[in-house]
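Those letters in the sequence shown? Residues -1 to 109, per the numbering used here, in order.
Each residue gets a CB set at the ideal place from its N, CA and C atoms; glycine is no exception.
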Amino acid sequence: MEKVLLEADLLDLKANPNRKATGSIIESSLDKGRGYIATVLVDNGTLRMGDIVLAGTHFGKVKAMFNERNQRITEAGPSTPVLILGLNGAPTAGDKFNVMDTDHEARQIAN
């Protein structure tokens, strides 16, 4: 009896880590003592400490980032879930986020 091998087309999924981060908001909330926190999934690019993030109608500077083990990190590459602090509100789950050049640009788009 011969074994029949099926060829599976594998998707060639690639993300560029050398660009500004984009991704999705997984969840967000207001934490007493830490302010607004958002769990995000980076789709493309690299999210770094100090980046200006625009998520839905909310924006802010990334003041702190934590990985899935609640350890502080300084950058998150593609397909990485991270918890970020520093937004001025709690974006809705499913909102897209983008890293902007300036705080002024993010504020204009959010308003």
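- Here the stretch 34 to 54 lies against the stretch 78 to 89, with 3 or more beta-carbon pairs under 8 angstroms apart.
- The DSSP-derived three-state label of ALA53 is strand.
- With a minimum length of 3 residues, the unbroken runs of beta strand (DSSP E) contained wholly in the stretch 47 to 97 fall at 50 to 53, 56 to 64, 79 to 85.
- Considering only ARG32, GLU25, LEU52, GLY33, the residue with the shortest C-alpha distance to LEU39 is GLU25.
- Your pair ALA91 and MET98 does not check out as a contact, with CB atoms roughly 21 angstroms apart and the cut at 8 angstroms.
- DSSP lists no bridge partner for THR100.
- For ALA36, the enclosing beta strand (DSSP E) stretches over residues 33 to 42.
- Put simply, of GLY54, GLY33, ILE23, ARG32 the residue whose alpha carbon is nearest the alpha carbon of ASP41 is ILE23.
- In chain order, ILE71, VAL80 place their CB closer than 7 angstroms to the CB of ASN65, counting only its own chain and leaving out the 5 sequence neighbours on each side.
- The residues ALA108, in chain order, have a CB closer than 6 angstroms to that of THR55 in the same chain once the five nearest residues on each side in sequence are set aside.
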